[in-house]
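Written out below as structure tokens is the structure these notes cover.
Numbering (my numbering), first residue to last: 614 to 854.
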């Protein structure tokens, strides 16, 4: 289906466009609230600044799609494939991204507030200054993801894979990383704000925590073997040598 036909049908009241092939569609700034694009193919389409609030995109293919500044609040992107997609400054507030594929995606300044990312794959994605307050990333694959300056305050990261992730300067105030979340070696938490974060049972083995703020954090049974805590503020307020 061509973009023009879809827009005409939508304007006429049609909402169900599921399972259609819309690859390379041009839908920039389109108003498509509550549209059903479940299992549709939107690979390499231009959806910049489109309004897709409450859209049904479960199982959709959005590989390489441009979704910069797109409104996707409350949308269902469960099982969707957004690999290599561009979502700079997109609004995903309250969106469902359960088991979504976001590997290698550009997620700079994206709003994930209230989003559900359970078992989603964000490996190697760029998440500079992304906002995750509060959201759920249980059992999410965030290996090698770049969270520089991201706000993960109050986020739930239970069971999350963060091997090799970069969280330099990130805010994780009151975040929960319990049940042995695997941060593992080469994860960079330099200057990260972890005040009052729940790090109980987390695996921080080999993690770089140089200058991190851990004041008030719960480190009950936390594994800190080989972690670099130089200059870090410890839970009791002392500075680590």
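Backbone N, C-alpha and C fix where the C-beta goes; we use that ideal spot for every residue, glycine too.
Q. In the DSSP assignment, what residue or residues form a beta bridge with residue 714?
A. The residue given as residue 714 occupies position 101 in the chain shown. DSSP output for residue 714 lists 694 and 734 as bridge partner(s).
**Q.** Local Cβ density within 10 Å of residue 857, reported as buried at 16 or more and exposed below that
**A.** The first residue shown for the chain is 614 and the last is 854, placing residue 857 beyond what the model contains.
**Q.** DSSP-derived helix/strand/coil call for residue 774
**A.** The sequence position of residue 774 within the chain shown is 161, counting from 1. Reduced to three states, the DSSP call for residue 774 is strand.
Q. Where do the N-terminal and C-terminal ends of the alpha helix (DSSP H) with residue 722 fall, by residue?
A. Taking the first residue of the chain shown as position 1, residue 722 is located at position 109. Taken as a continuous stretch (DSSP letters only), residue 722 belongs to no alpha helix (DSSP H), as it is neither H nor E.
Q: Would you mind sorting residue 851 into buried or exposed? The rule is 16 or more other CB atoms within 10 Å of its CB.
A: Residue numbering aside, residue 851 sits at position 238 when the chain shown is read from its first letter. Residue 851 is exposed by the Cβ-count criterion.
Q: Would you mind stating whether residue 758 and residue 770 have Cβ atoms separated by less than 9 Å?
A: To locate residue 758, count along the chain shown from 1; it is residue 145. To locate residue 770, count along the chain shown from 1; it is residue 157. Their beta carbons are not under 9 Å apart, which means residue 758 does not touch residue 770 by this criterion.
Q. Is the distance from the Cβ of residue 714 to the Cβ of residue 695 below 9 Å?
A. Your numbering for residue 714 matches position 101 in the chain shown. Your numbering for residue 695 matches position 82 in the chain shown. Contact flag set, yes.
Q | Residue(s) in a DSSP beta bridge with residue 744 | A | Within the chain shown, residue 744 is the residue found at index 131, counting from 1. DSSP, once it has assigned bridges, lists 724 and 764 as partnering residue 744.
**Q.** Cβ distance (whole Å) where residue 650 is taken to contact residue 670 below 8 Å
**A.** The residue you call residue 650 lines up with position 37 of the chain shown. The residue you call residue 670 lines up with position 57 of the chain shown. Sure, about 5 Å apart at Cβ, within 8 Å.
Q: Take residue 784 as the anchor and find which of 830, 814 and 754 has the nearest alpha-carbon.
A: By 1-based counting over the chain shown, the position of residue 784 is 171. Answer by Cα proximity: 830.
(Q) On the CB-based measure, 16 or more other CB atoms within 10 Å of its CB, does residue 900 come out buried or exposed? (A) Residue 900 cannot be examined here, being either before or after the span of the chain that is shown, 614 to 854.
(Q) Please report the straight-line C-alpha distance between residue 819 and residue 802, rounded to a whole angstrom. (A) Position 206 of the chain shown holds residue 819. Position 189 of the chain shown holds residue 802. The alpha-carbon atoms of residue 819 and residue 802 are separated by roughly 11 Å.
Q: Measure from the alpha carbon of residue 708 to the alpha carbon of each residue in 735, 832, 652 and 686, then state which is nearest.
A: Taking the first residue of the chain shown as 1, we reach residue 708 at position 95. The option with the nearest alpha carbon to residue 708 is 686.
Q. CB-CB under 6 Å to residue 767, same chain, minus the five flanking residues each way: which ones, in chain order?
A. To locate residue 767, count along the chain shown from 1; it is residue 154. So the list reads 746, 747 and 787, once near-sequence residues are dropped.
Q) Between residue 683 and residue 665, is the Cβ-Cβ spacing less than 9 Å? A) What you label residue 683 is simply residue 70 of the chain shown in a count that begins at 1. What you label residue 665 is simply residue 52 of the chain shown in a count that begins at 1. Result yes, Cβ atoms of residue 683 and residue 665 sit closer than 9 Å.
**Q.** Neighbourhood of residue 756 by C-beta distance below 8 Å, restricted to the same chain and skipping five residues each side
**A.** Taking the chain shown and counting its residues from 1, the one referred to as residue 756 is at position 143. So the list reads 736, 737, 774, 775, 776, 777 and 778, once near-sequence residues are dropped.
(Q) Suppose you measure from the CA of residue 750 to the CA of residue 628; what does that come to, to the nearest Å? (A) Numbered from 1 along the chain shown, position 137 holds the residue referred to as residue 750. Numbered from 1 along the chain shown, position 15 holds the residue referred to as residue 628. Looking at the two C-alpha atoms, the distance is approximately 30 Å.
Q | Cα-Cα separation between residue 808 and residue 826, rounded to whole angstroms | A | Here residue 808 refers to the residue found at position 195 when the chain shown is read from its first residue. Here residue 826 refers to the residue found at position 213 when the chain shown is read from its first residue. The alpha-carbon atoms of residue 808 and residue 826 are separated by roughly 6 Å.
Q. Secondary structure at residue 822, three-state DSSP: helix, strand or coil?
A. The residue given as residue 822 occupies position 209 in the chain shown. In this structure, residue 822 counts as coil in the three-state DSSP scheme.
Q.
Buried or exposed, going by whether 16 or more other CB atoms sit within 10 Å of the CB of residue 697?
A. Start at 1 with the first residue of the chain shown, and residue 697 comes out as number 84. Buried, since its Cβ has 16 or more Cβ neighbours within 10 Å.
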